[in-house]
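Here the structure is laid out as structure tokens; the discussion comes afterwards.
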Ligand code: NI
């Protein structure tokens, strides 16, 4: 396993469509998944897609552990999705903050379906499906977007809600001090 370099927004490769996996359970696929996990954990992310480490294959990993991030949101089970397909289970959207390891130090408010069905394959090529809601659904949509060359700012409706984390925090602090 190794921690791989994460490509940042601006690299052409992040805008390209990834290729499906056609051979399962290969050493290369196991290695790719191990590298995705290790890179994600080293950078404290909630998910990572193969194109973010320069591999144009339809593979994503995500997971969010409450013990590790006690201040935050729901737990998202550790998941590997290969050749995933997402189907919205509602027409309802909500707009919440997202970050991306390819856009470090920034965040934006992004509309996402609140509930989706996930159909995908595991590392051995076995198909599985599950339903995801809330933050879990959001993370799945964000990561699967990477496989189609879509970064979260492209989904945003209001670019006023896009900026640097430390800048938002300065405003929050100033607001608190005024109270
Ligand atoms: Ni991302």
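Numbering (this note's numbering), first residue to last: 1 to 179. Here a beta-carbon is modelled for each residue, glycine too, at the ideal position from N, C-alpha and C.
Burial state of residue i, where buried means 16 or more other Cβ atoms lie within 10 Å
| i | result |
| --- | --- |
| residue 14 | buried |
| residue 154 | exposed |
| residue 165 | exposed |
| residue 59 | buried |
| residue 105 | exposed |
| residue 48 | buried |
| residue 51 | buried |
| residue 36 | buried |
| residue 158 | exposed |
Sub-8 Å separation of residue i and residue j beta-carbons
| i | j | result |
| --- | --- | --- |
| residue 124 | residue 24 | yes |
| residue 86 | residue 140 | yes |
| residue 234 | residue 38 | Because the chain in this structure spans residues 1 to 179, residue 234 falls outside the shown range and cannot be described. |
| residue 107 | residue 99 | yes |
| residue 135 | residue 74 | yes |
| residue 143 | residue 93 | no |
| residue 43 | residue 103 | no |
| residue 1 | residue 46 | no |
For residue i: DSSP bridge partner residues
| i | result |
| --- | --- |
| residue 60 | 49, 81 |
| residue 129 | 119 |
| residue 170 | Bridge partners of residue 170: none, in fact. |
| residue 86 | 118 |
| residue 193 | Outside the modelled stretch of the chain, which goes from 1 to 179, sits residue 193, for which no answer is possible. |
| residue 96 | 110 |
| residue 76 | 64 |
Residues of its chain near residue i, where Cβ-Cβ distance is below 7 Å and the 5 sequence neighbours each way are ignored
| i | result |
| --- | --- |
| residue 21 | 29, 57, 58, 59, 82, 83 |
| residue 55 | 32 |
| residue 128 | 120, 122 |
| residue 161 | 108, 109 |
Sequence-distant residues of its chain with Cβ nearer than 8 Å to residue i (five each side left out)
| i | result |
| --- | --- |
| residue 137 | 112, 113, 114, 115, 116 |
| residue 150 | none |
| residue 131 | 89, 115, 116, 117, 118 |
| residue 163 | 106, 107, 108 |
| residue 177 | none |
Contacting residues, own chain, Cβ-Cβ under 6 Å from residue i (five flanking each side not counted)
| i | result |
| --- | --- |
| residue 17 | 148, 149 |
| residue 65 | none |
| residue 78 | 63 |
Entirely enclosed beta strand (DSSP E) segments - the segment 1-56, minimum 3 residues
Listed in chain order, they are 47-49.
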